[in-house]
Amino acid sequence: MVADNCTDDTAGVARRAGAFVYERFDQVHKGKGYAMDYLFRRLKEEGKDCYDGYFVFDADNLVDANFVAEMNRTFDQGYDAVTCYRNSKNFAANWISAGYSIWFLREARFLNFPRTLLGTNCHVSGTGFLVSARVIEDNGGWPFHLLTEDIQFSVDCAIQGKKIGYCDKAVVYDEQPTTFRQSWDQRLRWSKGFYQVDREYTLPLLKGCFRRGRLGTSCYDMFVTVAPGMLLTLLMILFNGVILAACLTQPAYLATRIIHETVGFMGSAVWNFYVGLLFYGLITVLSEWRHIDAAPVQKLGYVLTFPIFMFTYIPISIAALVQKVEWKPIYHTATKKINELG
1 MVADNCTDDT
11 AGVARRAGAF
21 VYERFDQVHK
31 GKGYAMDYLF
41 RRLKEEGKDC
51 YDGYFVFDAD
61 NLVDANFVAE
71 MNRTFDQGYD
81 AVTCYRNSKN
91 FAANWISAGY
101 SIWFLREARF
111 LNFPRTLLGT
121 NCHVSGTGFL
131 VSARVIEDNG
141 GWPFHLLTED
151 IQFSVDCAIQ
161 GKKIGYCDKA
171 VVYDEQPTTF
181 RQSWDQRLRW
191 SKGFYQVDRE
201 YTLPLLKGCF
211 RRGRLGTSCY
221 DMFVTVAPGM
231 LLTLLMILFN
241 GVILAACLTQ
251 PAYLATRIIH
261 ETVGFMGSAV
271 WNFYVGLLFY
281 GLITVLSEWR
291 HIDAAPVQKL
301 GYVLTFPIFM
311 FTYIPISIAA
321 LVQKVEWKPI
331 YHTATKKINE
341 LG
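Under the UniProt record's numbering, think of the first position of the sequence shown as 1, with each following residue one higher.
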């Protein structure tokens, strides 16, 4: 375990539980990517890099009893990395944690699971994944240090032709933020990280799209996944805002008509966006109903707030364009144990 810039008793708790702990203090190179690279280098220096692969978890995760066995079974099929079914242990906390939870359940059921059926690459999502020692050796450690190192790794695998699989039977329970301030900080980092990935990998991904077979399909899939779709939404808002501003210079009868049409278009777009996300959230919750640790009224109630959670990405995406973003820790307070879930 890597206790990365920890000021609490994380290292002590891990040691008392029987883990080998490496403590790292570096206020310049902060974040999971640097911590992982530090660990892999230490293992190599100490001659302890004798494993077939490495599991990656966050300290707050709870892991299903069959997780290792199921992941190993999928890993034995020849994948370079394997991701899991990412569930949440605090879905019912509030609309923010529920929004995150629905998003990750959607990712597992409607993105990675179909990718497996189609034989194309999946992508890892922050925690609960297994990476082959061959990949670590080929990369000379873990050289993925953008703000979204998981997406960077997934994109690099697609470009390099490495295979990422998905194990539907391996479940990890993650803790989601419950305050808007922490959610803003985390998703601001994610948005900035996606922009960083777009800047560095768009051209290689585009080139990869023209390769034949699974390699081309995987690159295309990752290209549309990381494409800055939210920017199109922002451009639409800006364009309509310019039209409304231009109305101030027009005759009253013409300005009234333009304003009516523009406001109607924007209102329709917002409504369609809300209904689309509402449907997406409902289908996700219904399909994963028995896996969600919450009362029925909470499961259905938070479907209504899921589009609002997603709408908050608009100001976050704007801020990420202009704001300098650094990695910040997310504080965790949930105390559930694995036998209390379900």
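C-beta atoms are modelled at their ideal positions from N, C-alpha and C, and glycine is treated no differently.
For clarity, every value in this text was computed on a predicted model and none was experimentally measured.
Assumed close pair residue i, residue j - CB separation to whole angstroms, cut-off 8 Å
{"i": "Q293", "j": "F104", "result": "In the sequence under discussion, the amino acid at residue 293 is Asp, which differs from the Gln named in the question. So it is not a contact: roughly 13 Å between Cβ atoms."}
{"i": "K162", "j": "D64", "result": "Their Cβ separation, rounded to whole angstroms, is 26 Å, which puts K162 and D64 out of contact at 8 Å."}
{"i": "D37", "j": "W142", "result": "4 Å"}
{"i": "G12", "j": "F57", "result": "G12 to F57, Cβ: 18 Å. No contact."}
{"i": "L282", "j": "V297", "result": "Not a contact, Cβ separation roughly 14 Å."}
{"i": "P228", "j": "Y201", "result": "Incorrect: roughly 12 Å between the Cβ atoms, too far for contact."}
{"i": "residue 392", "j": "M310", "result": "Residue 392 lies beyond the range of the chain shown here (1 to 342); nothing can be said about it."}
{"i": "Y166", "j": "T284", "result": "About 16 Å; that fails the 8 Å criterion."}
{"i": "L146", "j": "G193", "result": "5 Å"}
DSSP beta-bridge partners of residue i
{"i": "G53", "result": "S132"}
{"i": "N87", "result": "Y173"}
{"i": "I164", "result": "A81"}
{"i": "D4", "result": "R24"}
{"i": "L62", "result": "Y173"}
Given residue i as reference, the closest of the options once Cα atoms are compared
{"i": "A35", "options": "P296, F223, A59 and R16", "result": "A59"}
{"i": "H260", "options": "G241, V275 and R189", "result": "G241"}
{"i": "M266", "options": "K30, T284, L235 and S125", "result": "L235"}
{"i": "D185", "options": "A320, M1, D26 and A11", "result": "A320"}
{"i": "E326", "options": "K30, T7 and K48", "result": "K30"}
{"i": "Y85", "options": "L111, M310 and L304", "result": "L111"}
{"i": "I316", "options": "D9, M230 and V224", "result": "M230"}
{"i": "P307", "options": "P296, Y280 and C6", "result": "Y280"}
{"i": "D76", "options": "L286, L130, F20 and T249", "result": "L130"}
{"i": "Y331", "options": "G18, Q182 and R109", "result": "Q182"}
{"i": "K337", "options": "I96, G47, L62 and A19", "result": "L62"}
{"i": "L232", "options": "Y201, V68, A269 and T249", "result": "A269"}
{"i": "Y173", "options": "L254, S101 and F40", "result": "S101"}
{"i": "T178", "options": "G193, A93, K207 and M222", "result": "A93"}
{"i": "W95", "options": "N339, V322, Y51 and T312", "result": "T312"}
{"i": "L238", "options": "I318, P228 and C50", "result": "I318"}
{"i": "K328", "options": "M71, T148 and Y51", "result": "T148"}
{"i": "M71", "options": "K169, K192 and F223", "result": "K169"}
{"i": "K44", "options": "S191, T225, G78 and E137", "result": "E137"}
Straight-line gap, residue i to residue j (C-alpha atoms, nearest Å)
{"i": "K89", "j": "T262", "result": "43 Å"}
{"i": "F144", "j": "T256", "result": "53 Å"}
{"i": "F113", "j": "C247", "result": "49 Å"}
{"i": "H123", "j": "V135", "result": "15 Å"}
{"i": "V171", "j": "R290", "result": "13 Å"}
{"i": "L188", "j": "L244", "result": "29 Å"}
{"i": "L300", "j": "Y274", "result": "16 Å"}
{"i": "F153", "j": "T335", "result": "31 Å"}
{"i": "N87", "j": "G33", "result": "22 Å"}
{"i": "D150", "j": "I164", "result": "12 Å"}
{"i": "C219", "j": "V197", "result": "13 Å"}
{"i": "G126", "j": "A252", "result": "54 Å"}
{"i": "L117", "j": "L215", "result": "15 Å"}
{"i": "R115", "j": "N121", "result": "6 Å"}
{"i": "Q176", "j": "L203", "result": "33 Å"}
{"i": "L205", "j": "C157", "result": "11 Å"}
{"i": "R109", "j": "A69", "result": "20 Å"}
{"i": "A133", "j": "Y54", "result": "7 Å"}
{"i": "G99", "j": "V2", "result": "29 Å"}
{"i": "R16", "j": "G119", "result": "42 Å"}
{"i": "W271", "j": "K324", "result": "32 Å"}
{"i": "Q160", "j": "D221", "result": "14 Å"}
{"i": "D8", "j": "F210", "result": "49 Å"}
{"i": "C6", "j": "E340", "result": "27 Å"}
{"i": "R42", "j": "N66", "result": "29 Å"}
{"i": "E46", "j": "F20", "result": "13 Å"}
{"i": "V155", "j": "F40", "result": "21 Å"}
{"i": "V224", "j": "R106", "result": "17 Å"}
{"i": "F180", "j": "V226", "result": "24 Å"}
{"i": "G264", "j": "L254", "result": "15 Å"}
N- and C-terminal bounds of the beta strand (DSSP E) containing residue i
{"i": "E23", "result": "Y22 to R24"}
Run of the alpha helix (DSSP H) containing residue i, from where it starts to where it stops
{"i": "V28", "result": "Careful: V28 lies outside any alpha helix (DSSP H) and carries neither H nor E."}
{"i": "P329", "result": "Segment: none, P329 is in no alpha helix (DSSP H) and carries neither H nor E."}
{"i": "L286", "result": "A252 to S287"}
{"i": "I338", "result": "From DSSP, I338 is part of no alpha helix (DSSP H); its letter is neither H nor E."}
{"i": "N72", "result": "F67 to F75"}
{"i": "P296", "result": "P296 to F311"}
{"i": "P240", "result": "Checking the sequence, you will find Asn at residue 240 rather than Pro. Run containing N240: G229 to A246, per the alpha helix (DSSP H) assignment."}
{"i": "D9", "result": "Per DSSP, D9 belongs to no alpha helix (DSSP H) and is neither H nor E."}
{"i": "L188", "result": "F180 to G208"}
{"i": "E107", "result": "W95 to E107"}
{"i": "D221", "result": "G213 to V226"}
{"i": "G143", "result": "The amino acid at residue 143 is misidentified as Gly; the sequence shows Pro. Where P143 is concerned, there is no enclosing alpha helix (DSSP H), given that its DSSP letter is neither H nor E."}
{"i": "F113", "result": "F113 to L118"}
Proximity test, residue i beta-carbon vs the ligand GDP heavy atom, cut-off 7 Å
{"i": "V56", "result": "The ligand GDP is not part of the structure shown, which contains no ligands of any sort."}
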